[in-house]
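Report on the structure given below.
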Amino acid sequence: RQHRMTPSDILARKGQAPIACLTAYTTPMARLVDAHCDLVLVGDSLGMVLHGLPSTVGVTMEMMILHGKAVARGIERACLVVDMPFGSYEESPQQAMHNAARLMSETGCQAVKLEGGLHMAETVAFLVARGIPVMGHVGLTPQAVNTLGGYKVQGRGEDGARIEAEAAALAEAGAFAVVLEKLPQSLGARITGAIPVPTIGIGAGPECDGQVLVVDDMLGLFGDFRPKFVRRYAELGDSASDAIAAYAEDVRARRFPGPEHVFADQVARK
Ligand code: KIV
Ligand code: NA
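With positions in the sequence shown counted from 1, the corresponding number in full-length UniProt numbering is that position plus 6.
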């Protein structure tokens, strides 16, 4: 049986080999990702990718627990992290503890991720002191889309120093890794060099200690959504569309089912 990656193993990769991460929301996708990646994230992006929500703001604890449980059943060796949804941790360290403990005990994940820098540092320290490994997330934080005014690149110019301070505060508070989303490459590199824990980049350049993508994006499954930072490794959406069109045509032309798909009156003798 293979060693199960822990948050401590992820932390120890700083300055070593790059950390490969992807999201997963279901058991079969978790199995595929677990075979190759170091860390699997049940991202609250599932609200948009799976449930058709306009942003991650409407994602609930119940959704994260349901998908977290499904993903946990498909994981044998990767480190499993579940996102804390909007509204489940911002009020107080106590609220965050209550909900992070639920996510961990009900799904079996090894860590939680939450968005925000300086203003979340106290909460991160509170959780870590009580047995909950925490991954931070700064730069573009999609739960704050309504105050950020869209999904723009963050940290250009003067703002870069602020985001670096946010990442440093999370590391100082005990986060075992920090996601950097949609930053200039130079800022991703600078933060990676400045903080003692791994940076996991998504649109933050190749110098980050690891990379993460939404698996449906890199597989070409999530519609026409093509952020600049995604490399499409497959076009599964196109394949699925072709397959479904062929099936519907076959049904209408009575080409499906074929002779190999039918059952005889009698069980065939050996
Ligand atoms: O929700 C998500 O999928 C994420 C990653 C893209 C970092 O937070
Ligand atoms: Na997220």
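Virtual Cβ for every residue (Gly too), placed ideally from N, Cα, C.
Report task. Let me know the beta strand (DSSP E) ranges lying completely inside the region 128 to 216, each 3 residues or longer, listed in chain order. Result -> 140 to 145, 183 to 187, 205 to 208
**Report entry** residue 191 to residue 93 span [Cα, whole Å]
**Finding:** 30 Å
Report task. Could you tell me whether the region 202 to 210 touches the region 233 to 252, where touching means 3 or more Cβ pairs closer than 8 Å? Result -> yes
**Report entry** Close-in-space but distant-in-sequence residues of the same chain around residue 11 (CB under 8 Å, 5 per side omitted)
**Finding:** 44, 45, 83, 84, 85
Query raised in the report: Got a sec? Which residues, its chain only, sit under 7 Å from residue 40 by beta carbon, not counting five neighbours each side?
Result: 46, 80, 81, 82, 83, 84
Query raised in the report: Just how far apart, CA to CA, sit residue 257 and residue 66?
Result: 39 Å
Query raised in the report: So which residues put a beta carbon under 5 Å from any heavy atom of the ligand NA, going in chain order?
Result: 49, 50, 89
Query raised in the report: From residue 230 to residue 222, what does the alpha carbon distance come to, in whole angstroms?
Result: 11 Å
Query raised in the report: If residue 109 and residue 144 are in contact, beta carbons under 8 Å, what's the gap, nearest whole angstrom?
Result: Residue 109 to residue 144, Cβ: 20 Å. No contact.
**Report entry** Cα-Cα separation, residue 217 to residue 152
**Finding:** 26 Å
Query raised in the report: Measuring CA to CA, which of 219, 164, 70 is closest to residue 28?
Result: 219
**Report entry** the ligand KIV heavy atom lying under 7 Å from the CB of residue 17
**Finding:** no
Query - the region 170 to 184 / the region 111 to 131 touching (three or more Cβ pairs under 8 Å) - result: yes
Requested in this report: Would you mind sorting residue 215 into buried or exposed? The rule is 16 or more other CB atoms within 10 Å of its CB.
Outcome: buried
Requested in this report: For residue 119, write down the residues that DSSP places opposite it in a beta bridge.
Outcome: 89, 141
Requested in this report: Assign residue 39 to one of three DSSP states: helix, strand, or coil.
Outcome: helix
Query raised in the report: Which of helix, strand or coil does DSSP assign to residue 48?
Result: strand
Query raised in the report: Around the Cβ of residue 172, are there at least 16 other Cβ atoms within 10 angstroms (buried) or fewer (exposed)?
Result: buried
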